[in-house]
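Q:
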Amino acid sequence: MMPPDWSVWDVLWRASIETLQTTIAGTFLGALLAYPLGVLAASNWTPAWIHLPVKAVMAFIRSIPLLILALLFVSAVGLGPFPGVLAIAVHSVGVLGRFVAEEIEATDPRPLLALQGTGASSIQVIQHGLIPQVLPQMVAHLAIRFEMNLRDSTILGLVGAGGLGFYVFLYIKQFQWEKTGVLCLAIIFLVFAGEFVSWQIRKRLI
Amino acid sequence: MSPEIIIRLKGVAVRRDDRDILSIDNLSITRGERVAFIGNSGSGKTTLMRMLKGYITPSRGQVEVMGTPVPLGSRSRMRMYHRQIGMIHQHFDLIERESVWQNVYHGRLGYVPLMRSILGRFNAGDRDICMRALKEVRLEDKLYRSARTLSGGEQQRVAIARTLSQEPTIFLADEPVSSLDPALSEDILDLLVTICDAYRLTLLISLHLPELACRIADRIIAMKAGKIVWQGLPEELSEEKIWEIYGRGEGKGEGNERLERANGFHMDWGHGSEVHPLPGS
Chain D
1 MMPPDWSVWD
11 VLWRASIETL
21 QTTIAGTFLG
31 ALLAYPLGVL
41 AASNWTPAWI
51 HLPVKAVMAF
61 IRSIPLLILA
71 LLFVSAVGLG
81 PFPGVLAIAV
91 HSVGVLGRFV
101 AEEIEATDPR
111 PLLALQGTGA
121 SSIQVIQHGL
131 IPQVLPQMVA
141 HLAIRFEMNL
151 RDSTILGLVG
161 AGGLGFYVFL
171 YIKQFQWEKT
181 GVLCLAIIFL
191 VFAGEFVSWQ
201 IRKRLI
Chain R
207 MSPEIIIRLK
217 GVAVRRDDRD
227 ILSIDNLSIT
237 RGERVAFIGN
247 SGSGKTTLMR
257 MLKGYITPSR
267 GQVEVMGTPV
277 PLGSRSRMRM
287 YHRQIGMIHQ
297 HFDLIERESV
307 WQNVYHGRLG
317 YVPLMRSILG
327 RFNAGDRDIC
337 MRALKEVRLE
347 DKLYRSARTL
357 SGGEQQRVAI
367 ARTLSQEPTI
377 FLADEPVSSL
387 DPALSEDILD
397 LLVTICDAYR
407 LTLLISLHLP
417 ELACRIADRI
427 IAMKAGKIVW
437 QGLPEELSEE
447 KIWEIYGRGE
457 GKGEGNERLE
467 RANGFHMDWG
477 HGSEVHPLPG
487 S
C-alpha cells in the first residue's frame, strides 16, 4: 500500500462526499421515522396492542445485518448511493427507535403528571414535559448513530451501494494497493472526524 | 350567612387489593379554610389529595368539589377541573432542564389553545399572571436560571408559582416540606399561608409534623389507616392525641424521632404511657 498514490484525489474527494451524503441522508431519514415509532413503542405511553407490535418490528429490523439490507435495496432499486441511504435509514429506525422508547420509558413520570395537573392536554404534556426531558439524550443517541452509520457506510460500496467502499473494492480487485491505501486513510480520517463531531455534541448536551 | 362549602365527601372509599386504603364517611371543607391533614405514612393523606385532584377515582361514595361531582366525565371538563385545583408535591416535580420562567408558564397551559402552545406563543395577560406569581414567591431575579440549579426551597417556590399561575380556587399541598430543612419548611409554609390568604384560596395540606400543622392550619384532620380518626382546632391537639394518632409502641422509626424533636418531648417506647420532656426543652 506504500507509498500512497495520491493521483486518486478526485475519486477520493467524490467518494468521500458521497459517503458523507449517504450517511447524513440515511441517518436523518431514519431518525424521522424512528422518533414517532419510538414514542409508539414506549410502554408507558401506549397500550400493549400498539407498543408490542412496534417493538417487534423494530427488533426484526435490527436483526437484519446492514450489508444484507444494502444487498436487498441494491437488488430493488439498483446500484449507487440511493440503496445505501435506504439501508442506513431502515437500520437506524430499528436502533434509534429502541433508544427513543427506552429513554421515554425511563422518564420520571411525576413532572409529567404535575403538568397534566395544570390542565395541559396530552400533546402539551409531550411538548412541554416529555420532549425537554428526553431531547438531550435523543440528540446524543442521534450523534452516536451518525458516527456508527458513517463507519458502516464506508463499506456499503462492497455490495454496490456507492461511496468509498465501492472504490476500495474496485481497486482491490485491480490489485492497485497504493490507491487502496489512500482510500483506507480517507476512511480512517472520516471515522475519526465523525467520532469527534459526535463526542463534541454529546459533551455539550449531557 | 353560613360559610360556603367548597369540598364535600360522603361515604367515600378508595379500594385497592380488596381493602379500603381510604374510607371517609363525611367531610366538608369551607371556602378559604386552611386544613392540615396529619398522620403516619400510609395513613391515606396522599390518596385523599390525589382523589381531590382527580387523579384517583373513588371506588364508592360521593365527592363534590365546588358543587360539581368529581370525577367529571369528559377529558375536556377534567382539564378545566385540573386548572381549578392547584397541587404541589414533596419532590417539586418541575421540568428540571427548563428555566424558572418556563416552569411557571406551564401553569398557563390549561388556558392556552393548542396551536398557540405548540408555537410557544403566550399573550401579555399570561405573562403578567406568571410574573405576578414569580414576584409572590420572590424569584423574579432568577427567571432564566435552569430549575435544576436551584436549591430545594427555591424549587418548591417555583412549584408554588406554577400552581399560582393556574389561578386555582383550591390549593393542595402534598407533604410540601418533607424534603426541606426546618428553617426552609417554615419559610415555605409561611409563604403558602400568605398566598392563600391574599388570593383567598382554600388550602389543604398534608404534613407529617403536627407542630407545623398547628402553626398554619385553621383545622387539623388526623388520619390513620385511611380513616379520619380526629379533627379539631390546632389548640385542641394535645400530646396524648398525637400519641394516639401516630401510634405507640409500633416501632421507633425516623419519622417518630423527628416528631419527638419537633414537639419537644420524648417517646418512651419501652413503657408506653410516659411522656418525658427532652433535655433542654
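Here the protein sequences line up with chains D and R, keeping their order.
If you read the first sequence in our numbering, its first letter stands for residue 1, the second for the next number, and so on.
If you read the second sequence in our numbering, its first letter stands for residue 207, the second for the next number, and so on.
Even for Gly, the Cβ is constructed at its ideal location relative to N, Cα and C.
Nothing here was measured: the structure is a model prediction, and the numbers come from that model.
For R:D403, count the other beta carbons within 10 Å of its own beta carbon; 16 or more makes it buried, fewer makes it exposed. Which is it?
A: Translated into the one-based positions of the second sequence, residue 403 of chain R becomes position 197. It is exposed - the Cβ of R:D403 has fewer than 16 other Cβ atoms within 10 Å.
Q: Can you give me the start and stop residues for the beta strand (DSSP E) that R:S234 sits inside?
A: Along the second sequence, read from residue 1 onward, the residue named residue 234 of chain R stands at position 28. Unbroken beta strand (DSSP E) run through R:S234: R225 to T236.
Q: Going along the chain, which residues of its own chain have a beta-carbon closer than 8 Å to the beta-carbon of D:I201, five neighbours each way excluded?
A: Here residue 201 of chain D corresponds to residue number 201 of the first sequence, with the count starting at 1. For D:I201, where only same-chain residues beyond five positions count, the Cβ hits under 8 Å are V139, A140 and A143.
Q: Between which two residues does the alpha helix (DSSP H) carrying R:S391 extend?
A: On the second sequence, position 185 is the one that residue 391 of chain R refers to. Here the alpha helix (DSSP H) through R:S391 covers P388 to A404.
Q: I'd like to check one pair, D:G181 with D:P4: are the Cβ atoms closer than 8 Å?
A: Position 4 of the first sequence, counted from the first residue, corresponds to residue 4 of chain D. Position 181 of the first sequence, counted from the first residue, corresponds to residue 181 of chain D. Yes, they are a contact pair.
Q: Below 8 Å on the Cβ atoms is my guess for R:T253 versus R:I227; work out the distance and round it to an integer in Å.
A: As a working mapping, residue 253 of chain R is identified with position 47 in the second sequence. As a working mapping, residue 227 of chain R is identified with position 21 in the second sequence. About 6 Å separates the two Cβ atoms, so the contact holds.
Q: Find out if the Cβ-Cβ distance for the pair R:K251, R:S412 is shorter than 8 Å.
A: By one-based count along the second sequence, residue 251 of chain R stands at place 45. By one-based count along the second sequence, residue 412 of chain R stands at place 206. Going by C-beta atoms, R:K251 is nearer than 8 Å to R:S412.
Q: Which word fits D:S92, buried or exposed, when buried means at least 16 other C-beta atoms lie within 10 angstroms of its C-beta?
A: Along the first sequence, one-based indexing puts residue 92 of chain D at 92. Per the 10 Å Cβ criterion, buried.
Q: Which same chain residues, not among the five before or five after D:K55, have their C-beta less than 6 Å away from its C-beta?
A: Within the first sequence, residue 55 of chain D is the residue found at index 55, counting from 1. Excluding residues within five positions, the ones whose Cβ falls inside 6 Å are A41.
Q: Can you list the residues of chain D that R:Q372 reaches, using a CB-CB cut of under 9 Å?
A: Stepping through the second sequence from its first residue, residue 372 of chain R is reached at position 166. Here the neighbours are G117, T118 and G119.
Q: Tell me, please, whether the CB atom of D:G129 is closer than 8 Å to any CB atom in chain R?
A: Here residue 129 of chain D is taken as the residue at index 129 of the first sequence, counted from 1. Cβ-Cβ to chain R under 8 Å: yes for D:G129.
Q: Could you give the distance in angstroms between the alpha-carbon of R:R214 and the alpha-carbon of R:N232?
A: Here the question's residue 214 of chain R lines up with position 8 in the second sequence. Here the question's residue 232 of chain R lines up with position 26 in the second sequence. In a straight line, the C-alpha of R:R214 is about 8 Å away from that of R:N232.
Q: My assumption, with CB atoms under 8 Å, is that R:S378 sits in contact with R:L410. Please give the rounded CB distance.
A: Taking the second sequence and counting its residues from 1, the one referred to as residue 378 of chain R is at position 172. Taking the second sequence and counting its residues from 1, the one referred to as residue 410 of chain R is at position 204. Reading off the sequence shown, one finds Leu at residue 378 of chain R, where the question assumed Ser. 5 Å between Cβ atoms; contact.
Q: Measure the beta-carbon distance from D:S16 to D:A161 and round it to whole angstroms, keeping in mind my assumption that it falls under 8 Å.
A: Taking the first residue of the first sequence as 1, we reach residue 16 of chain D at position 16. Taking the first residue of the first sequence as 1, we reach residue 161 of chain D at position 161. In fact, because the Cβ distance is near 15 Å, the residues do not count as touching under 8 Å.
Q: Beta-carbon within less than 8 Å of D:A31's beta-carbon, same chain only, minus the 5 sequence neighbours each way: which residues are those?
A: Translated into the one-based positions of the first sequence, residue 31 of chain D becomes position 31. Closer than 8 Å at the Cβ level, and outside the excluded window around D:A31, lie S92, L96, L142 and R145.
Q: Please classify R:W436: does DSSP put it in a helix, a strand, or coil?
A: Locating residue 436 of chain R in the second sequence gives position 230, counting from the first residue. R:W436: strand per DSSP, three-state reduction.
Q: Quick check: the Cα distance between R:N462 and R:R421, rounded to an integer number of angstroms?
A: Here residue 462 of chain R corresponds to residue number 256 of the second sequence, with the count starting at 1. Here residue 421 of chain R corresponds to residue number 215 of the second sequence, with the count starting at 1. At R:N462, the pLDDT of 49 sits below 50, so the modelled position is not reliable; the number obtained from the coordinates is stated separately. When rounded, the distance between both Cα atoms is 19 Å.
Q: With 8 Å set as the bound, which would you pick, yes or no: does the beta-carbon of R:D332 sit closer than that to a beta-carbon of chain D?
A: The residue you call residue 332 of chain R lines up with position 126 of the second sequence. Output row for R:D332: interface = no.
Q: Going by DSSP in three states, R:M429 sits in which element: helix, strand or coil?
A: By 1-based counting over the second sequence, the position of residue 429 of chain R is 223. Note: R:M429 maps to strand in three-state DSSP.
Q: Taking its Cβ as the centre, do 16 or more other Cβ atoms sit within 10 Å of D:L131, making it buried, or is it exposed?
A: As a first step, residue 131 of chain D must be located in the first sequence, where it is residue number 131. Contrary to the premise, residue 131 of chain D reads as Ile rather than Leu in this sequence. Exposed.
Q: In chain D, which residues lie with their C-beta within 9 Å of the C-beta of R:S323?
A: On the second sequence, position 117 is the one that residue 323 of chain R refers to. The answer, in chain order, is A120, S121, I123, Q124, Q127 and H128.
Q: By alpha-carbon positions, which one of D:E18, D:S75 and D:I61 ends up nearest to D:A34?
A: In the first sequence, the residue the question calls residue 34 of chain D occupies position 34. Of D:E18, D:S75 and D:I61, the residue nearest in Cα terms is D:I61.
Q: Classify D:G162 as helix, strand or coil using the three-state DSSP reduction.
A: One-based indexing of the first sequence puts residue 162 of chain D at position 162. Of the three classes helix, strand and coil, the one that applies to D:G162 here is coil, per DSSP.
Q: Measure the alpha-carbon distance for R:R285 versus D:T118 and round it to whole angstroms.
A: Taking the second sequence and counting its residues from 1, one reaches residue 285 of chain R at position 79. Taking the first sequence and counting its residues from 1, one reaches residue 118 of chain D at position 118. Straight-line Cα distance between these residues: approximately 8 Å.
Q: When the Cβ atoms of the segment 294-304 of chain R are set against those of the segment 265-278 of chain R, are three or more pairs found closer than 8 Å?
A: No: the two stretches stay apart, fewer than three of their Cβ pairs being nearer than 8 Å.
Q: Look at the alpha carbon of R:F298 and the alpha carbon of R:V343, and state the distance between them as a whole number of angstroms.
A: In the second sequence, counting from the first residue as 1, residue 298 of chain R sits at position 92. In the second sequence, counting from the first residue as 1, residue 343 of chain R sits at position 137. When rounded, the distance between both Cα atoms is 14 Å.
Q: List the residues that DSSP assigns as beta-bridge partners of R:E270.
A: Counting from 1 along the second sequence, the entry for residue 270 of chain R is found at position 64. According to DSSP, R:E270 bridges with R:R214 and R:P275.
Q: Does the distance between the C-beta of D:E102 and the nearest non-hydrogen atom of the ligand MG fall short of 7 Å?
A: With respect to the ligand MG, the structure shown offers nothing to examine, as it has no ligands at all.
Q: Reducing DSSP to helix, strand and coil, say where D:V77 ends up.
A: Locating residue 77 of chain D in the first sequence gives position 77, where the first residue counts as 1. Looking at D:V77 - three-state DSSP - the assignment turns out to be helix.
Q: Taking only beta carbons into account, state which residues of the segment 232-246 of chain R come closer than 8 Å to chain D, listed in chain order.
A: Residues: none.
Q: Count the other CB atoms within 10 Å of the CB of D:I188; is the residue buried (16 or more) or exposed (fewer)?
A: Along the first sequence, one-based indexing puts residue 188 of chain D at 188. Its Cβ having fewer than 16 others within 10 Å, D:I188 is exposed.
Q: Are the segment 437-447 of chain R and the segment 255-265 of chain R touching by the rule of at least three beta carbon pairs closer than 8 Å?
A: The segment 437-447 of chain R vs the segment 255-265 of chain R: no contact.
Q: Note the first and the last residue of the continuous beta strand (DSSP E) segment covering R:D380.
A: As a working mapping, residue 380 of chain R is identified with position 174 in the second sequence. R:D380 -> beta strand (DSSP E) spans I376 to D380.
Q: Note down the Cα distance separating R:I335 from D:F99, rounded to an integer number of angstroms.
A: Locating residue 335 of chain R in the second sequence gives position 129, where the first residue counts as 1. Locating residue 99 of chain D in the first sequence gives position 99, where the first residue counts as 1. Distance between the alpha carbons of R:I335 and D:F99: 39 Å.
Q: So, helix, strand or coil for D:I155, using DSSP?
A: Translated into positions along the first sequence, residue 155 of chain D becomes position 155. Correct three-state label for D:I155: coil.
Q: When the Cα atoms are used, what is the spatial distance from R:G267 to R:Y317?
A: Counting from one through the second sequence, the residue named residue 267 of chain R turns up at place 61. Counting from one through the second sequence, the residue named residue 317 of chain R turns up at place 111. When rounded, the distance between both Cα atoms is 31 Å.
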